Amino acid sequence: MSLEARLQNVFRDVFDNDSLVLTDDLSQESFADWDSFHQVKLAIAIEEEFGVKLSTEDVVAETSVAAIKAGLLGKGIAA
Amino acid sequence: MMAEIARIAGPLTVEMIGNVERIADSAGAGGALAAALESESGEAAVWLRALLLEKAGRCGEASAALRKLWWTTEGEARAPLMLFSARLLLADGADAWYPLAEAARAANSAKLLRQVDRLLRQASKSGNPPAKRHCRLAVLSNFTVDVLAPILRAQAFGAGIALEIHLAPFNQIVQEIQQPDSKLAQFQPDAVLLAMDWRWLGFEDEEPDASGSLARRVEDIENLWKSCRERLHCFALQCNFEVPPSPAYGRLSAALAGGRGRLLRALNLELWAAAERTSGVAIVDVEETAGAFGKQNWSDPVLWQVAKQYPAAAAVPALGAEIVAVLRAVYGLTAKCVALDLDGTLWGGVIGEDGLNGIQLGGSPAGEAFVDFQKYLRAVSKSGVLLAVCSKNNEADARQPFLQHPEMVLKESDIAVFCANWQPKDDNLRAIARVVNIGTDAIVFVDDNPAERARVRQHLPEVEVIALPLEPAGYPAALARARLFEKLTLTEEDRGRTTSIQKNLERETLATSAGSVDEYLAGLGIKVELAPFDETNLPRIVQLINKTNQFNVTTRRLTNAETRALMEKGCYTQSMRVADRLGDSGLTGVLIAVPEGETLRLDTWLMSCRVLGRRLDEAMFSALVEYARRRGFARIQCEFIPTAKNSVVEDLFDRLGCQPEPSSDGRRLFSWSPEAPKPMPSVLECIDRTN
Chain S
1223 MSLEARLQNV FRDVFDNDSL VLTDDLSQES FADWDSFHQV KLAIAIEEEF
1273 GVKLSTEDVV AETSVAAIKA GLLGKGIAA
Chain B
142 MMAEIARIAG PLTVEMIGNV ERIADSAGAG GALAAALESE SGEAAVWLRA
192 LLLEKAGRCG EASAALRKLW WTTEGEARAP LMLFSARLLL ADGADAWYPL
242 AEAARAANSA KLLRQVDRLL RQASKSGNPP AKRHCRLAVL SNFTVDVLAP
292 ILRAQAFGAG IALEIHLAPF NQIVQEIQQP DSKLAQFQPD AVLLAMDWRW
342 LGFEDEEPDA SGSLARRVED IENLWKSCRE RLHCFALQCN FEVPPSPAYG
392 RLSAALAGGR GRLLRALNLE LWAAAERTSG VAIVDVEETA GAFGKQNWSD
442 PVLWQVAKQY PAAAAVPALG AEIVAVLRAV YGLTAKCVAL DLDGTLWGGV
492 IGEDGLNGIQ LGGSPAGEAF VDFQKYLRAV SKSGVLLAVC SKNNEADARQ
542 PFLQHPEMVL KESDIAVFCA NWQPKDDNLR AIARVVNIGT DAIVFVDDNP
592 AERARVRQHL PEVEVIALPL EPAGYPAALA RARLFEKLTL TEEDRGRTTS
642 IQKNLERETL ATSAGSVDEY LAGLGIKVEL APFDETNLPR IVQLINKTNQ
692 FNVTTRRLTN AETRALMEKG CYTQSMRVAD RLGDSGLTGV LIAVPEGETL
742 RLDTWLMSCR VLGRRLDEAM FSALVEYARR RGFARIQCEF IPTAKNSVVE
792 DLFDRLGCQP EPSSDGRRLF SWSPEAPKPM PSVLECIDRT N
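Put into structure tokens, the structure is as follows:
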């Protein structure tokens, strides 16, 4: 599965919404459900799915799909 | 594509599920491939077919296909299997409670448990989940518990407890408990989980007034309990405190009277004692759980700083399991009886074949592992859990080690019900439950044989079946991991339970029930190959001839040379190999018939006890009849020679439908006229190379 598809599954799981479609501009600002609590759940689910460890800075700063994808690519996850 | 499918043979693993999913993703129109896979019985092929059917929107067919794996799949693949099944059933509008509960019990990762909770909430929209108990649980905490809630809900559901969870606002423990109109009070909890971590205590690395600090904190906590009892009229589940690793003071943390490590240890002891004298309080042993999980990974420093997440997400299932174990104890949902297989479970080897001196028990590393398992079981029994024997054996053989083996830890007096016979084990478990007057859902079944475990899962899904590892040294941990015997306290009655049951026990004749044996056998996918003896398999055949005692109609022993002589003389020889979904049992059956004029005399017939109860006797006999018919014999003559060990075949020829023959000298002879064919059982897939 592509990074995009895996990340979409993570979002669907965390936001409990099977029809959620991932777009790069989806972010904490544009998506009302994406509060700090969901940010933590996302961080946990991303660590589980991709087997990576997020830094404090990653968790705080990666508040958009674009930023999360960039972060994962930076950690060597294949697109 | 077919080459890829060939690569996914063998037992199902998580890695293989990933491979299968990739194949399914790349498969085009799945209909043809799904149809091609229909005859495949390998677990991965079944999984692939189900994925393809799901893709084609045929969720009902997909779940029916997957259901065949429910009873046999164990290990890491069980939770994903049950989740997939539940997803398909829900998509098909069907009931998914069983696979959901099984998924919850088998899952050990946060990710899988969250998925269980998600499907559980989806399923709950169209009906209440089946549960033995309902519990409104409020969680008060100084750390973030949002991650815990879904996981705990899933785990509790797996234990038969429907949880409704209320999360109180972060770090407002005292306020919520004390205010009469708080959200917590309005929730009207049945139980409150007081989940504070060590930081909440505020202990310095070295406390100036150690005993004062300790006393104050114990008092604070006891006041919380009192409020739970008097204001909220509910049970208090108190988390004790992790002694965190890497203290600034190093080992001084424990060595100094005021060191934080020392104080935390003392506080935990005080809390155990306080809980013992206070009704309505139970301790959740966070310190033990963190240690067992591994303290280096118990905390996640990053998520603590970002979100006050505690423990680490990966550790949450361990904490949840501990909380559920306490809830089980509170509600008395603990197992009451362990039903034990004998051969391969309490000792190595087969008592009916190997004899008292041949079984592995003590005396060697493997033998010592069985001794240790017995010690573990005896301790379990001393805590008030009954032990029962549920074994396929002649009763006299089965009892012999209990009476005579010097290394046996368990004695007959430790066993409440002794059930050794040749009936299906699910029937025996029903009988055991009846005798000790408990429900079958309070039984834990322990057996090293995966086929028996599969049968019990299928026929008594409410029984807790423990998947023993191949390694006997791992047996105690496998049983302990399920946390089935937790109690809040031990009563005098608990201590004497086995004795009282034995006194009241009336020996019951265990009822037979044909049940749906064929359905079970069909699920095993048994493949049989019957072939004449040859040089390569001769050593194994001679070994079987000389050691098989139980399923052995004449118990004639033959040497290598004697057996070869019979082959050369033109006797009918038949060896049987058996395999099923669970593995290859190898060469496990031997039959020799000697032509004597118009009579074909059955001289030797035996089967390894590993494969009994699968209608293989009918298969072997069917091939013999076919041979006699083709060669124009007028009759097959059979003889049963009773021994101390072979009562399992006492009525074999009657069951097969042979005619008893009169005999003047007391021999038990039977005959069969080959004009009447003996059909091969249709549940077996049989290749007969002897005809």
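If you read the protein sequences in the order shown, they are chains S and B. Using our numbering, the first residue of the first sequence is number 1223, and each one after it goes up by one. Using our numbering, the first residue of the second sequence is number 142, and each one after it goes up by one. Note that beta-carbon positions come from the ideal geometry of N, C-alpha and C, so glycine has one too. Bear in mind the structure is a predicted one, so any value in this text is a computation, not a measurement.
Chain S places no beta carbon closer than 7 Å to that of residue 510(B), leaving this residue out of the contacts. In terms of beta-carbon proximity, residue 1251(S) stays away from the interface with chain B, with every pair separated by 7 Å or more. Closest in C-alpha terms to residue 155(B), from the list 164(B), 213(B), 219(B) and 771(B), comes 219(B). Taking every protein chain shown into account, the CB of residue 271(B) has fewer than 16 other CB atoms within 10 angstroms, so this residue is exposed. From the listed residues 359(B), 444(B), 694(B) and 456(B), the smallest Cα separation to residue 410(B) is found for 359(B). Straight through space, the alpha carbons of residue 363(B) and residue 289(B) are spaced by roughly 25 Å.
At a cut-off of 7 Å between beta carbons, residue 568(B) makes no contact with chain S. For residue 307(B), the uninterrupted beta strand (DSSP E) segment begins and ends at 302-308. Scanning its chain for C-beta atoms nearer than 6 Å, with the 5 sequence neighbours on each side dropped, one finds around residue 600(B) the residues 567, in chain order.
Using a Cβ-Cβ cut-off of 7 Å, residue 1284(S) does not count as an interface residue toward chain B, since no Cβ of chain B sits closer than that to its own.
At a cut-off of 7 Å between beta-carbon atoms, residue 1272(S) makes no contact with chain B. Contacts with chain B at 7 Å (Cβ-Cβ) include residue 1266(S). Across the stretch 432-461 of chain B, CB contacts with chain S closer than 7 Å involve 443, 444, 446, 447, 448, 450 and 454, in sequence order along the chain. Here residue 175(B) has 190, 193 and 194 as same chain residues with Cβ atoms under 6 Å from its own Cβ, once five neighbours each way along the sequence are excluded. Between residue 589(B) and residue 486(B), the C-beta gap is smaller than 7 Å, which places the two residues in contact.
Under DSSP, residue 275(B) forms a beta bridge with 303(B).
Spatial neighbours of residue 755(B) in its own chain (CB-CB distance under 7 Å, excluding positions within 5 residues in sequence) are listed in chain order as 662 and 667. Here the stretch 707-722 of chain B lies against the stretch 742-757 of chain B, with 3 or more beta-carbon pairs under 8 Å apart. Taking residue 821(B) as the centre and dropping the five residues before and after it, the same chain places the C-beta of 760, 763 and 827 closer than 7 Å to its C-beta, in chain order.
Taking each of 446(B), 322(B) and 254(B) in turn and checking the Cα distance to residue 1270(S), the smallest one comes out for 254(B). Judged by their CB atoms, residue 555(B) and residue 522(B) are nearer to each other than the 7 Å cut-off. Minimum Cα-Cα distance from residue 727(B) among the listed residues 712(B), 738(B), 711(B) and 749(B) corresponds to 749(B). Rounded to the nearest whole angstrom, the CA to CA distance from residue 832(B) to residue 824(B) is 20 Å. For residue 209(B), no CB of chain S lies under 7 Å from its own CB, so it is not counted at the interface with that chain. Across the set 397(B), 792(B) and 612(B), the C-alpha of 612(B) shows the shortest separation from the C-alpha of residue 488(B). Between residue 402(B) and residue 388(B), the C-beta gap is smaller than 7 Å, which places the two residues in contact.
Of all alpha-carbon atoms in 618(B), 735(B) and 564(B), the one lying nearest the alpha-carbon of residue 587(B) is that of 618(B).
Listed as beta-bridge partners of residue 478(B) by DSSP are 527(B) and 584(B). Residue 427(B) places its beta carbon 7 Å or farther from that of residue 377(B). Straight-line spacing of the CA atoms in residue 337(B) and residue 237(B) works out to 36 Å. Here residue 549(B) is buried. Its C-beta has 16 or more other C-beta atoms within 10 Å. Residue contact check for residue 236(B) against chain S: no CB pair falls below 7 Å.
Residues are counted here when their Cβ sits less than 9 Å from a Cβ of chain S; for the stretch 258-288 of chain B these are 259, 262, 285, 287 and 288, given in chain order. Under the Cβ criterion (8 Å, minimum of three pairs), the stretch 810-819 of chain B counts as touching the stretch 777-789 of chain B.
Taking 8 Å as the upper bound for CB-CB distance, residue 404(B) and residue 354(B) are in contact here, some 7 Å apart.
A residue is called buried once 16 or more other Cβ atoms fall within 10 Å of its Cβ, and residue 223(B) is buried on that count.
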